[in-house]
DNA sequence: TGTAGAGTTCAACGTGTGTTGAATTAGCGG
DNA sequence: CCGCTAATTCAACACACGTTGAACTCTACA
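Residue numbers (the working numbering), protein chains in the order written: chain D, 4 to 232; chain B, 4 to 232.
Set out below in structure tokens:
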């Protein structure tokens, strides 16, 4: 038998003569999208190049052709399509005052990482962080810079307290927010998964607010670094 | 060269004639311990049978001989050596009242899952939950039954509010606690990782207490299930 | 028309994985 | 002293992985 007469697959899929069907099909982008989805589903280790290629309807070798290596693909796929800090800032500054900074913060974060733009990226980061030190560093940076940094600025925390205290308070916020993400997106604890963004924001918000500006006991190490108001 | 003259490894390690050196060496237990440590370090997917065997100083085939399969080994390794509910109950009931239920709860949980008895088990569960649905179910059950169930009973939550509300409040607690575990043990965010158990308990405790008995807004679905006091 | 290059496929390599089966030895009950 | 059984090792299988290199076909431009 010759090698002619093959069935057409999803994108290219099953046997089709090599060659160039058209100038710049969206293959590269398709691979990126598939990668994001796979990383979100299975984490860095669990996602496979072959699986990603299959999901994109493409030969595994193409993935390497475009991205070079799995790690590079991960880095590229996790590069954020929008700047979270901007989204957060916008969500936080527009309705000034009401209904409480903490509540607005939780609502903003929640809908941010459940938005189509960031969903897979964030979940991928979250799921990969536990296995890959590389991903953990990415998530840590993401949390520290984009989220916490913005938050500290937007809420004016930086002006009111010492840097050490701001860092500690922000970390406490991270504690609550990451837990929310974990139970809602990964573990899917029924009460948390079922609630709406607004409901969660309403009940969790005040706790966050307490970390931001409420009275909390500081560890000796951070309390000593500067007198506070 | 013949195959004689080999160096002695950790347990048995490198070449040593097969056979039975002594009745019931603690090999089976050693494998279990090594497994727990490896699962805690790398998660379910990241940990390998060969790695576990090496850590236990044992031939990989022995692992299967004793446990049958990787999944069975995981299940066996994650079986809790102590009942968390008992530990929690003890920690919560002895110094009644002071310094606040939430604070004591956080302190108890924190030192529970950082105890030698549970450390690896808990971390293993946490790291595997994001990749393996099996492990996620285990962690969910662990959180739901042992921690939240106990908590609801000990704090008297069950007597004061409807089951639906108790479930929601407990889930919010889980949100905060899991986030604490995540940032401290997995992500190791500096401020959280550096603080002592008491310090964390002091700052996080009141938030937890708020979820337990404070005034919070309930989702419509749970508020409607029964009139509350 | 020719040639450079992009898009794509295929086949294979080397490595690491979970798992299996046979072989070997030591202790223990008869 | 003889088997039986438990403890252990070794060698191998089948598979999946990331990665590589060569081939092929089309488009674009000179």
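A virtual CB, placed ideally from N, CA and C, is assigned to each residue, including glycine.
With C-beta atoms as the reference, is residue i less than 8 Å away from residue j?
i                      : j                      : result
residue 110 of chain D : residue 201 of chain D : yes
residue 96 of chain B  : residue 157 of chain B : yes
residue 178 of chain B : residue 183 of chain D : yes
residue 139 of chain B : residue 181 of chain D : no
residue 172 of chain B : residue 215 of chain B : yes
residue 54 of chain D  : residue 133 of chain B : no
residue 168 of chain B : residue 225 of chain B : yes
residue 192 of chain B : residue 143 of chain D : yes
residue 91 of chain D  : residue 115 of chain D : yes
residue 176 of chain B : residue 175 of chain D : no
residue 209 of chain B : residue 170 of chain D : no
residue 30 of chain D  : residue 61 of chain D  : yes
residue 58 of chain B  : residue 32 of chain B  : no
residue 126 of chain B : residue 203 of chain B : no
Once the 5 residues before and after residue i are set aside, which same chain residues still bring their CB inside 7 Å of it?
i                      : result
residue 205 of chain D : 106
residue 69 of chain D  : 31 and 34
residue 153 of chain D : 88, 91 and 92
residue 196 of chain B : 187
Is residue i helix, strand or coil by DSSP?
i                      : result
residue 35 of chain B  : helix
residue 55 of chain D  : helix
residue 49 of chain D  : helix
residue 168 of chain B : helix
residue 188 of chain B : helix
residue 227 of chain D : coil
residue 87 of chain D  : helix
residue 181 of chain B : helix
residue 105 of chain D : helix
residue 118 of chain B : coil
residue 221 of chain B : coil
residue 62 of chain B  : coil
residue 18 of chain B  : The predicted model places residue 18 of chain B with a pLDDT of 49, which falls under 50 and marks its position as unreliable, so this point remains unresolved.
Taking 7 Å as the line, does the beta carbon of residue i fall inside it for any heavy atom of the ligand PLP?
i                      : result
residue 108 of chain D : Ligands displayed in this structure: none; no statement on the ligand PLP is therefore possible.
What residues in its chain sit with their C-beta under 8 Å from that of residue i, if we drop five residues either side in the sequence?
i                      : result
residue 52 of chain B  : 63, 66, 67, 73 and 76
residue 48 of chain D  : 131, 134 and 135
residue 121 of chain D : 83, 84, 85, 87 and 115
residue 219 of chain D : 172, 175 and 213
residue 185 of chain D : 129
residue 199 of chain B : none
residue 119 of chain B : none
Ends of the alpha helix (DSSP H) at residue i?
i                      : result
residue 212 of chain D : 200–216
residue 136 of chain B : 136–144
residue 74 of chain B  : 73–80
residue 155 of chain B : 153–157
residue 123 of chain D : 122–132
Spatial neighbours of residue i within its chain, please: CB distance less than 6 Å, with the 5 preceding and 5 following residues excluded, ordered by chain position.
i                      : result
residue 129 of chain B : none
residue 161 of chain B : 155 and 169
residue 145 of chain D : none
residue 223 of chain D : none
residue 50 of chain B  : 41 and 42
residue 217 of chain B : none
Per the contact definition of three or more C-beta pairs closer than 8 Å, is the region 42–50 of chain D in contact with the region 63–82 of chain D?
A contact exists between the region 63–82 of chain D and the region 42–50 of chain D.
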